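Working notes, beginning with the structure itself.
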Amino acid sequence: MKLILLGAPGAGKGTQAQKLVEHYKIPQISTGDLLRAAVKAGTELGKQANEYMTAGKLVPDEVVIGLIEERLKEDDCKDGFILDGFPRTVAQAEKLEEITDIDAVVNIAVDTSILLDRLTGRRTCKECNAMYHLIFNPPKEEGKCDACGGELYQRADDNEETVKSRIETYNESTAPLVDFYRKKGKLKEVDGQGAIDEIFQNILKVLE
Ligand code: ADP
Ligand code: AMP
0 MKLILLGAPG AGKGTQAQKL VEHYKIPQIS TGDLLRAAVK AGTELGKQAN EYMTAGKLVP
60 DEVVIGLIEE RLKEDDCKDG FILDGFPRTV AQAEKLEEIT DIDAVVNIAV DTSILLDRLT
120 GRRTCKECNA MYHLIFNPPK EEGKCDACGG ELYQRADDNE ETVKSRIETY NESTAPLVDF
180 YRKKGKLKEV DGQGAIDEIF QNILKVLE
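For the sequence shown, numbering that gives the first Met the number 0 assigns the number 0 to the initial residue and increments by one for each residue that follows.
Right, here's the structure in full:
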């Protein structure tokens, strides 16, 4: 199963990807996580990427394509994978077609008006990248990951100003991918508003 999760920032891609990982036993590949790891490690790539990420802009195509190309060669991807946050431009999608064949693209559709609250309330585990929300999906113990006990933090780009820029970037550069994959007959649409488990069941249904 080679799967893409499409959707605006805050649509629930990461949340659903983590449930799909457990279900299908294939890895989640998040370009955002790969880039944040590079920023944390202080690599040259990380330093370059950080400027774009802080501004809520897209990191240049050639950088993320290079990251993905390397990641997909790893052994754990041989039975499939879940792409979360890639592709984000038509150029990335076209390049991906040269690298591999994707089975399905799930678009998690939500109303733009809910994204700001979802993202400013998001908390992420420092250790395992699990996602929580202060109100909509709080951890059992405040500030601590249910899955691994790691410390929860607020991403630097989950502030109001950067979120607004990320949503604009999504509308300009990434939203056209919905039509791109629809035309290829690969698009599955799922309503991303409602209970997390209900949305997950709907994703499984469209993938059957
Ligand atoms: P994305 O990966 O698409 O940017 P996330 O999965 O990180 O989005 O979700 C963004 C925030 O919204 C997180 O804080 C998450 O806990 C919360 N969230 C995810 N799905 C739902 C949902 N169905 N209802 C309410 N909040 C949700
Ligand atoms: P995410 O974790 O998916 O919310 O991504 C966080 C940030 O990383 C984005 O706002 C972009 O700056 C950058 N990023 C992640 N994935 C990509 C991608 N496929 N193309 C370009 N930039 C990306």
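All C-beta atoms, glycine included, are put in the ideal place defined by N, C-alpha and C.
Owing to the predicted nature of the structure, the values given are computational and were not obtained by experimental measurement.
Selection around the ligand ADP by beta-carbon proximity, strictly under 5 Å to any non-hydrogen atom, yields Pro8, Gly9, Ala10, Gly11, Lys12, Gly13, Thr14, Arg117, Arg121, Met130, His132, Phe135, Asn136, Ile195 in chain order. Glu97 and Glu68 have their C-alpha atoms spaced approximately 10 Å apart. In the structure shown, Phe80 adopts extended strand secondary structure according to DSSP, grouped into three states. Around the CB of Asn170, fewer than 16 other CB atoms lie within 10 Å, so the residue is classed as exposed. Pairing Ala16 with Leu4 gives a Cβ-Cβ distance under 7 Å. Between Val105 and Ile198, the CB-CB gap reaches or exceeds 7 Å. A contact between stretches requires three or more CB pairs, one per stretch, nearer than 8 Å, and the segment 28 to 40 fails this requirement with the segment 136 to 152.
In the three-state reduction of the DSSP assignment, Asp190 falls in the strand class, which pools E and B. Our two residues, Lys183 and Glu140, have alpha carbons roughly 45 Å apart in a direct line. In the three-state reduction of the DSSP assignment, Met130 falls in the strand class, which pools E and B. Ile25 sits in coil when the DSSP states are folded into three classes, being neither helix nor strand. In the three-state DSSP reduction, Ile98 falls in the helix class (H, G or I).
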